[in-house]
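Under UniProt numbering, residues 1 to 309 are what the sequence shown spells out, in order. The block underneath contains the structure these notes are about, expressed in structure tokens.
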Amino acid sequence: LNDGQPPVTYKRFQALISQMDPVEPPAETVTLDIINSCATPISPDHDDKFGVPTLEELGFETEGLSPAVWPGGETEALKRLEQHLEKKAWGAHCERPRMNPNSLLASPTELSAYLRFGCLSCRLLYFKLTDLYHKVKQNNAVPYSPYGQLLCREFFFTTATNNPCFDKMEGNPVCVQIPWERNPEALAKWAEGRTGFPWIDAIMTQLRQEGWIHHLARRAVACFLTRGDLWISWEEGVKVFEELLIDADWSGNAGSWMWLSCSAFFQQFFQCCCPVGFGRRTDPKGDYIRRYLPVLRGFPDKYIYDPWN
């Protein structure tokens, strides 16, 4: 397909996958009988050799840490999957809930981190979504829309194929060569949540504290760093997200940053996220800002997004 070359547009990617054979269903759930048939004796020092180290053993300070936002493991992933499907079913039958301040917080239906670490099978998610669509819509032909972010993930995996420079500008054939500015001070303030724009700083604070931010928040801080305000290379954003974002993977992280900075895949550079107005439309009272920037809790709603006024 496509002469052996990865597609460089999402539309072309969709055209190509429509020509492919159907996705094979996931393997059956592993049972205790299967496990018992391949079990081997455990040595007395098994936990010492193969046990999961604690945060303290890894050298992290744990005093004052809040409870984990993202408990690991397949059991947690499957529980979240069921909640995710229930939410999808509700949205199909009823009016979709509008964005509000709580929409920006980590949700028990979020799956990205569990896909990233293999706690959840992307194939299982695909077929669960397909089954749900058939039940809700009573339609055999499933459009691409229910798979949304799952297909976007696969698109970036595909476009990064045979491109070792996918996460940088130099040597990257899909990336527009933009003369970004070097500004270490502005970059540090952005990464540490010290820009002076409360909406942007609250997002980056949440990212540092919890390892995750909503996709609209990612769009806001990516636009601010690159084409919207600071004019700093998306490559720097990739590095920060690679360090802090729990669901970051190599191709998806780089691909998203190229997309949001209009360096590849998306060229409507005039569509920018205002660091004041964009957040205000979602959270007019600034509750999200007050949650992550306690220093502004006493600010009136009128000035919470632009305290300099």
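Cβ coordinates follow ideal geometry from the N, Cα and C atoms, glycine included. Quick caveat: nothing in here was measured; it's all calculated off a predicted structure.
Given residue i as reference, the closest of the options once Cα atoms are compared
i                 : options                           : result
asparagine 162    : Phe197, Glu185 and Asn172         : Asn172
aspartate 283     : Phe117, Leu132, Trp199 and Ala186 : Trp199
alanine 15        : Ser233, Cys122 and Phe155         : Phe155
histidine 214     : Gln5, Phe241, Cys38 and Cys119    : Phe241
methionine 20     : Ile35, Pro71 and Asn2             : Asn2
tryptophan 259    : Thr226, Arg290, Ile35 and Ile289  : Thr226
aspartate 131     : Glu86, Ser261 and Ala254          : Glu86
asparagine 253    : Gly237, Ser233, Val276 and Phe266 : Gly237
tryptophan 308    : Trp234, Gly72, Gly196 and Glu110  : Gly196
cysteine 119      : Gly72, Pro44, Tyr147 and Ser261   : Gly72
proline 26        : Pro44, Gln149 and Lys128          : Lys128
tryptophan 190    : Leu151, Ile232, Leu150 and Gln177 : Ile232
alanine 217       : Tyr303, Gln149, Ile178 and Leu105 : Leu105
valine 176        : Gly255, Thr29 and Ala248          : Gly255
phenylalanine 278 : Val23, Ile42, Pro101 and Asn183   : Pro101
proline 22        : Arg123, Ile35 and Leu65           : Arg123
phenylalanine 13  : Phe157, Ser112, Pro44 and Gly59   : Phe157
phenylalanine 117 : Glu24, Tyr303 and Ala248          : Ala248
leucine 230       : Glu185, Phe266 and Phe265         : Glu185
aspartate 167     : Glu61, Trp257 and Ser121          : Trp257
Residue i versus residue j: straight-line alpha-carbon distance, rounded
i                 : j              : result
alanine 220       : leucine 125    : 28 angstroms
histidine 134     : proline 7      : 29 angstroms
aspartate 201     : leucine 207    : 10 angstroms
residue 310       : methionine 99  : In the structure displayed, the chain extends from 1 to 309; residue 310 sits before or after that span and is not available.
phenylalanine 299 : methionine 204 : 20 angstroms
aspartate 33      : leucine 244    : 40 angstroms
alanine 188       : arginine 153   : 29 angstroms
lysine 239        : leucine 115    : 21 angstroms
tyrosine 305      : valine 174     : 36 angstroms
lysine 137        : isoleucine 246 : 34 angstroms
leucine 293       : glutamine 209  : 12 angstroms
arginine 268      : glutamate 181  : In the sequence under discussion, the amino acid at residue 268 is glutamine, which differs from the arginine named in the question. Using only the alpha carbons, I get a separation of about 21 angstroms.
aspartate 301     : serine 103     : 19 angstroms
leucine 296       : glycine 228    : 24 angstroms
cysteine 223      : alanine 77     : 31 angstroms
tryptophan 212    : lysine 88      : 21 angstroms
serine 263        : glycine 193    : 24 angstroms
aspartate 287     : isoleucine 17  : 42 angstroms
glutamine 5       : cysteine 165   : 16 angstroms
arginine 281      : tryptophan 250 : 32 angstroms
glutamate 74      : proline 179    : 44 angstroms
tyrosine 11       : leucine 151    : According to the sequence shown, residue 11 is lysine rather than tyrosine. For lysine 11 and leucine 151, the distance between alpha carbons rounds to 11 angstroms.
serine 261        : tryptophan 234 : 6 angstroms
isoleucine 289    : asparagine 183 : 26 angstroms
serine 159        : glycine 148    : As written in the sequence, residue 159 is threonine, which differs from the serine given in the question. The straight-line gap from Cα to Cα measures roughly 17 angstroms.
threonine 54      : proline 67     : 14 angstroms
serine 37         : glycine 51     : 23 angstroms
arginine 291      : threonine 40   : 50 angstroms
isoleucine 35     : glutamate 28   : 13 angstroms
Any chain C beta carbon closer than 8 angstroms to residue i
i            : result
arginine 291 : The chain labelled as chain C is not found in the depicted structure, where only one protein chain is given.
Three-state class that DSSP yields for residue i in the structure shown
i                 : result
cysteine 94       : Low confidence applies to cysteine 94: its pLDDT is 48, below 50, so where it sits in the model is not reliable enough to give any reading.
isoleucine 246    : coil
isoleucine 232    : strand
asparagine 102    : helix
arginine 297      : coil
asparagine 253    : helix
cysteine 285      : The amino acid occupying residue 285 in the given sequence is lysine; cysteine does not appear at that position. Residue state, collapsed to three classes: coil.
glutamate 110     : coil
leucine 120       : coil
valine 240        : helix
tryptophan 259    : helix
leucine 1         : coil
tyrosine 10       : helix
aspartate 306     : coil
valine 276        : coil
phenylalanine 269 : coil
threonine 226     : helix
threonine 130     : helix
threonine 161     : coil
Residue i Cβ short of 7 angstroms to the ligand MG heavy atom set
i         : result
valine 69 : The ligand MG is absent from the structure shown, which contains no ligands of any kind.
Report the residue ranges of all alpha helix (DSSP H) runs contained in full by the segment 164 to 222; include only those spanning at least 4 residues, in chain order.
184 to 191 and 198 to 210
Inter-stretch contact at 8 angstroms, needing at least 3 Cβ pairs: the segment 69 to 86 / the segment 271 to 286:
no
Give the list of continuous alpha helix (DSSP H) stretches no shorter than 4 residues that lie fully inside the segment 12 to 100.
32 to 37, 46 to 50 and 74 to 93
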